[in-house]
């Protein structure tokens, strides 16, 4: 390799975010025909995604509901295997062959995607909801130039000519900060950060409304991670994207997201504005999760762990799924699934500690 | 009007691009010493195979023999003479045509069937995979010689003993067909297994999600990743084909009117050349087989490295 591959400098000034009206107005392609212009961007209700195993159904995602508005960034956090990725991939039904959506609805512009056939769903994949895959090296074909791979969605999803899609791919690479002299590069010739930028460029290819980032910065070092997050933030503001960020790095969520959804064993534990949830965690699991995250200012001896392990989702416990590990467990927890308590500051918590449906913000 | 012009210009641009790519590829290939050596050797044998008369005159037959039986190499007969007094140089050069044609044709048949079946079976999976692989299993266990023994008289009966196809007599065509039939299944299995593994890679999933159809995924995403296997297989198949031709000639399925290296070796064996110390009856055709196979291997290695973008930058 002849030239050094430094990451381009971060531009400090961010453009102000677009308003929802502006975002719908700047769409490059018209809304889908059945779309309701007044409907929220995305509304997921009681989503249930199960995986079939020889011994039964694994309830990977059970009764998950959340919404996403135009230009919003939502963080999906939780430990490995809690259903973050499955939830996100269920939106466009990109599940392994043994995965099924058993119930609930996914409404994009008011159109239920769960009811769509695979063929009909094609129109929404990548054009409305695209994905920045986990591990850019694996998601890029080693023997095809990166630019040609980025051109693929434009060529095949939007049906544009080869020349036009190549040209658009070049623009996209420029947009994500890959210098034009690297246009002919193969995946292995790019650094980890560059590859992730290329994946972002590919996710943006069809001008989608929602981009799902599946741990987009997990394999990167801290500096490159910061650059990628900065890039995502900048693109979100400039292009009016809505972002679903899947990660187990809480600092990434704190830095980039407006709202956070904490998942545990396939269910929503707590959901709300990032600032509220992180300063005032209400679900015992959220508290434990935040406590288990290293803080640069505190003594390393104070790092907490959560004893036990997540329940087997083939046969989850009947009540609250966190009950076996919960420090504040009550008799009711092991019997009744906790209802969601909604607080005035927009946080909702599924825990028996908060019995009445609507709560005042705790002092 | 302007649309047609732009289409035409786009097309011409694409061709220009292809030309540049071909030129840079040729430039890179010429930088590989082993690859160039292979190419030169193979080119030399190809020229000999195409126009043997130019170099050694018409094919010598028993009635036209110019030397005495078992003459050792001399100034008149560089490679000596065989048991019927025929010039070995003449026969070896003429043998190149049959050996190389059979090798190439059998390789092409094997690769086309093997690669297509392997890719389709591996990528489709399920019923298609099962059916194709059971068919491949059938061909995998077919004994080459028995099949040749049965097919040869049938084919000759059908097309006639003197029928020619692309300048090859029907008996030799049997050899090509038999080699192709019995070796495509092994290639198909190798390509299928690699396709199965590639299919699980995330970039294939990504391509599918992004909207690339199955045909294009096979051609654009999977095929380039198995090129190294195909090249390696081509070399092996060619070598095996030349050797199989030798063996089939031995059991009497060759064409005595068109000598091949295998036939010459067979003749040397049956006339007891080894026992008489007439090494010149064995060495020229044997060395030719080795050289051609070696040249193929060298080219295959060089191509494999050049077509693999990872190996390319490592040089």
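Residue numbers (our numbering), protein chains in the order written: chain A, 1 to 363; chain B, 1001 to 1315. The beta-carbon is built from N, C-alpha and C at its ideal position, and this holds for glycine as well.
Looking at the C-beta of residue 1090 (chain B), does it have a partner C-beta in chain A at a distance below 9 Å? no
Just to confirm my understanding: we take residue 1196 (chain B), look at its own chain, exclude 5 residues before and 5 after, and list those with CB closer than 6 Å. What are they? 1122
Mind listing the chain B neighbours of residue 133 (chain A)? Cutoff is C-beta to C-beta under 7 Å, in chain order. 1202, 1206
Give a yes or no on whether the minimum CB-CB distance between residue 144 (chain A) and chain B is below 9 Å. yes
Alpha carbon to alpha carbon, what distance is there between residue 351 (chain A) and residue 958 (chain B)? Absent from the model: residue 958 (chain B). The displayed extent of chain B is 1001 to 1315, so no value can be given.
What does DSSP give as the partner residues of residue 59 (chain A) in its beta bridges? A:50
Nearest candidate by alpha-carbon position, reference residue 245 (chain A), set A:213, A:51, A:269: A:213
Return helix, strand or coil for residue 264 (chain A), following the three-state DSSP convention. strand
Assign residue 1015 (chain B) to one of two classes, buried (16 or more other C-beta atoms within 10 Å of its C-beta) or exposed (fewer than that). exposed
Is DSSP giving residue 1074 (chain B) helix, strand or coil here? coil
Which two residues bound the contiguous alpha helix (DSSP H) that contains residue 1054 (chain B)? 1052-1056
Using DSSP with H/G/I as helix, E/B as strand and the rest coil, what is residue 107 (chain A)? strand
When you compare the CB positions of residue 285 (chain A) and residue 253 (chain A), do they come within less than 9 Å of one another, or not? no
How many Å lie between residue 126 (chain A) and residue 1199 (chain B) at the Cα? 20 Å
Would you list, in chain order, the members of the stretch 1221-1247 of chain B that have their beta-carbon closer than 7 Å to a beta-carbon of chain A? 1221, 1224, 1225
Hey, residue 44 (chain A) and residue 87 (chain A): beta-carbon distance below 9 Å or not? yes
So, helix, strand or coil for residue 128 (chain A), using DSSP? coil
Residue range of the unbroken alpha helix (DSSP H) whose run includes residue 232 (chain A): 222-239
Mind checking if residue 1214 (chain B) is an interface residue toward chain A, Cβ cutoff 9 Å exclusive? no
Are the Cβ atoms of residue 1132 (chain B) and residue 1117 (chain B) separated by less than 9 Å? yes
Rounded straight-line distance, which links the Cα of residue 166 (chain A) to that of residue 1156 (chain B): 55 Å
Please classify residue 1146 (chain B): is it buried, with 16 or more other beta-carbons within 10 angstroms of its beta-carbon, or exposed? exposed
How do the stretch 215-227 of chain A and the stretch 180-199 of chain A stand: do at least 3 beta-carbon pairs fall below 8 Å, yes or no? yes
When DSSP labels each residue in this structure, what does residue 42 (chain A) get in the three-state scheme? strand
When we look at the beta-carbon of residue 1181 (chain B) and count the other beta-carbons within 10 Å, is it buried (16 or more) or exposed? buried
For residue 60 (chain A) versus residue 49 (chain A), is the C-beta spacing smaller than 9 Å? yes
From the DSSP secondary-structure annotation, give me the bridge partner or partners of residue 243 (chain A). A:73, A:211
Can you check whether the CB of residue 1233 (chain B) is closer than 9 Å to the CB of residue 1317 (chain B)? Nothing about residue 1317 (chain B) can be read from this structure; chain B reaches only from 1001 to 1315.
Looking at C-beta atoms only, is the number of pairs between the stretch 179-195 of chain A and the stretch 95-103 of chain A that lie closer than 8 Å three or more? no
Which first and last residues belong to the beta strand (DSSP E) in which residue 79 (chain A) is found? That residue, residue 79 (chain A), is in no beta strand (DSSP E); it is neither H nor E in DSSP.
Minimum Cβ-Cβ distance from residue 1400 (chain B) to chain A less than 9 Å: A question about residue 1400 (chain B) goes unanswered here, because the residues of chain B that appear run from 1001 up to 1315.
Considering only their Cβ atoms, is the gap separating residue 1185 (chain B) from residue 1148 (chain B) smaller than 9 Å? no
Whose C-alpha, out of A:28, A:36, A:46, is nearest the C-alpha of residue 111 (chain A)? A:36
Alpha-carbon to alpha-carbon, residue 247 (chain A) and residue 1304 (chain B): 40 Å
Three CB pairs or more closer than 8 Å across the stretch 1222-1240 of chain B and the stretch 1090-1098 of chain B: no
Determine, for residue 1308 (chain B), whether the minimum Cβ-Cβ distance to residues of chain A falls below 9 Å. yes
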